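Chain order of the listed sequences is W and F.
Just so we're aligned, residue 326 is where the first sequence starts under the numbering used here, counting upward by one.
Just so we're aligned, residue 680 is where the second sequence starts under the numbering used here, counting upward by one.
All C-beta atoms in this analysis are idealised placements derived from N, C-alpha and C, irrespective of residue type, glycine included.
Nothing here was measured: the structure is a model prediction, and the numbers come from that model.
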Amino acid sequence: MNSFPHKHLLGTERLSARDLNTVLDLGDRFGEIAKRPIKKVPTLRGKTVVNLFLEASTRTRTSFEIAAKRLSADAINISGASSSTMKGETLVDTARNIDAMSPDVVVLRHAQAGAAHLLSQRIRAAVVNGGDGAHEHPTQALLDCSTIRAHKGRIAGLVVAICGDIAHSRVARSNIFALATLGAKVRVAGPRTLLPVGLSELGVAVYDRIEPALEGADVVMMLRIQKERFGAPLFPNTREYSRYFGLNERRLALAAPDAIVMHPGPINRGVEIDPAVIEGPRAVILDQVARGVAIRMAVLYLLAGGGGESGVE
Amino acid sequence: MSPRLPPPDADLLERREILDSNGMARALRRMTYELLERTGHGDDPIYLVGVRTGGAYLAARLARLIAEQGDVAPATLGAVDITLYRDDVFHGLPKPEIGPTDLPESIDRRKVVLVDDVLFTGRTIRAAMDVLADYGRPSVEMLAVLVDRGRRELPIQPDFVGVFVQTTQTESVRVMLTERGETDRIVLRERRT
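Structural data, given as structure tokens:
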């Protein structure tokens, strides 16, 4: 029996292994729909999904929109530039107005950590965190876990190296929580200035050089430098960063012979990852994108009424 | 998956056996002959599509029985999962697992026979027909069920029936299959009052 005892998906921090596996298993099933001649099922007919994206995003917004449409839900997209927040309306007021139109799910992308949590306390619709500042991005972590499981057959016991701008990365945080819950050994690596304090308390091994983190890793996850999230430079320049922390074929050779290379996008080619690695046989970056749609279908299905324990009369 | 999960076994009393394993084997053999008589001629093989999970096991059995006939083309075998097409998907019933839909060949211009274990309200079959419509356009769609227990809620009738049983609303029919680790038999059960 699928059960998902949560009304909202705000992060992976509080999800149990059972919750995570429920989403991953469902995601595997929904992935099959993309291969059908008619890539659509009627499951969420009559449900409304609002994508409230108040921070730039192409991949995640498109992915949620396609996911909603493949389930026959009506998807409405509101982006920062076109919304009334530009006219001075607060997030809560915008959301309460949207809520008054009775959507079933609101997906929120916001530059402020905790925005999705705030919203979930103020509106009736289920809230999915589509990324809140440097806090969490749960569907990205779920699709990453789905990709890892598909390529490696398991997650427990794998060594996963997350490299780059850890400090500003919600992807890193959500992945650390999810991967640790599922029993992976997580390593993080980056320049000291991009490693937040207290990381080791999350049960991860912290490295300030990339090479030891890569050694024997089964999964290498590269992160973009999120310059938009910090003012003063935290490292001398991108050329130097690339030289010391960029993933190239020589460094990748340190990882396990069958290691996979992942990146949540957007990629800065030649900065955190060499083009040869992106195009190489180990990269599963586009597979991550494909699985993103299936995972978001699973999340929408569970939150729009498909899975909760309230499902039993 | 049937549209309603079987209720917890503890609530149900077995009233009587409708068919034992011999009776079930006979019913399936007779269905095979009828199927071949009505559809098996010509070069175009039958496409058996089982409705998960019980119907998928029965479709596989019918395919084996057809293969044993020797002089006819072997049937194509597929399966559909109707969970995402149910009309009661959010109506407060526990969620069953979603199984894969597996149609190895195109169903376009094929003679498709949907196979299910028990035909009751007809809602499962309506959902299965919706699934097929998303995959293509068979030249003809027919319906084979091992048990027809009546009490339809939709205008759907089977073309091939193993056994017909008149039932009441409080009764339920359970098809037990060796594929599920049980002994082949069909029983009529009633909710404990």
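For the stretch 341–379 of chain W, the full-length alpha helix (DSSP H) segments reaching 4 residues or more read 342–356 along the chain. Considering only beta carbons, the part of the stretch 777–791 of chain F lying closer than 8 Å to chain W consists of I777, G778, P779 and T780, in chain order.
Under the Cβ criterion of 9 Å, W:L351 is counted among the residues facing chain F.
Within 8 Å of the CB of W:P367, the CB atoms of chain F belong to L763, Y764 and D809, in sequence order along the chain.
Secondary structure note for W:G439: it is in no beta strand (DSSP E), with a DSSP letter that is neither H nor E. In this structure F:V852 is not in contact with F:V840, their Cβ atoms being roughly 13 Å apart against a cut-off of 8 Å.
For F:A742, same chain residues with a beta-carbon under 6 Å away, outside a window of 5 residues either side, are L727, A754 and L756 in chain order. From the listed residues W:P561, W:V586, W:A530 and W:R517, the smallest Cα separation to W:D543 is found for W:V586. Listed by position along chain F, the residues whose Cβ is nearer than 9 Å to that of W:P362 are S785, D813, Y814 and G815. A distance below 9 Å separates the beta carbons of W:R447 and W:A420. With respect to the 9 Å criterion, W:N422 and W:A400 are not classified as neighbours on the basis of their beta carbons.
Within the stretch 716–748 of chain F, complete beta strand (DSSP E) segments of at least 3 residues are found at 725–730, given in chain order.
A straight line joining the alpha-carbon of W:A580 with that of W:L335 spans about 33 Å. Taken atom to atom, the span from the alpha-carbon of W:K552 to that of W:F329 is near 36 Å. Look at W:L335 here: in three-state DSSP terms it is coil, with no helix or strand label.
Membership of W:G456 in the beta strand (DSSP E) is indicated by the continuous run A451 to D457. The shortest CA-to-CA distance from F:G860 to any of F:R802, F:S818, F:V810 and F:Y736 is the one to F:Y736. Between the alpha carbons of W:T506 and F:D781 lies a distance of about 33 Å.
Spanning the alpha carbons of W:D457 and W:A450 requires a straight line of approximately 18 Å. Between the beta-carbon of F:V854 and that of F:G733 there is about 6 Å, and that keeps the pair under the 8 Å contact cut. Between W:A492 and W:P521 a beta carbon distance of about 5 Å is seen, short of the 8 Å cut, so the two are scored as contacting.
In this structure W:D469 is not in contact with W:M411, their Cβ atoms being roughly 32 Å apart against a cut-off of 8 Å.
Residues I501 of the same chain have their beta carbon placed closer than 6 Å to that of W:L527, with the five preceding and five following residues left out of the count. Identification of chain F residues near W:E357 by a Cβ-Cβ cut-off of 8 Å yields P779 and T780, ordered along the chain. Restricting attention to beta strand (DSSP E) runs no shorter than 3 residues, the stretch 484–559 of chain W encloses them at 484–488, 510–514, 530–532 and 544–547, ordered along the chain. Counting the other Cβ atoms within 10 Å of the Cβ of F:D750 gives fewer than 16, which makes it exposed.
Taking C-beta atoms as the reference points, W:K365 and W:K332 fail to come closer than 9 Å.
Contact annotation: F:G778 and F:T800 have beta-carbon atoms that are not nearer than 9 Å. Taken atom to atom, the span from the alpha-carbon of W:R534 to that of F:R816 is near 59 Å.
Contact between the stretch 564–572 of chain W and the stretch 598–605 of chain W is present: three or more C-beta pairs spanning the two stretches fall below 8 Å.
Within the stretch 728–744 of chain F, no residue places its CB atom closer than 7 Å to a CB of chain W. The Cβ atoms of F:E693 and F:V866 lie closer than 9 Å to each other. Chain W places a beta carbon closer than 9 Å to that of F:V768, counting this residue as a contact. Flagged as an interface residue toward chain F: W:L396, by a C-beta distance shorter than 9 Å.
As DSSP reads the structure, F:S851 sits in a beta bridge with F:R868. W:R449 has a beta carbon lying at 9 Å or more from every beta carbon in chain F.
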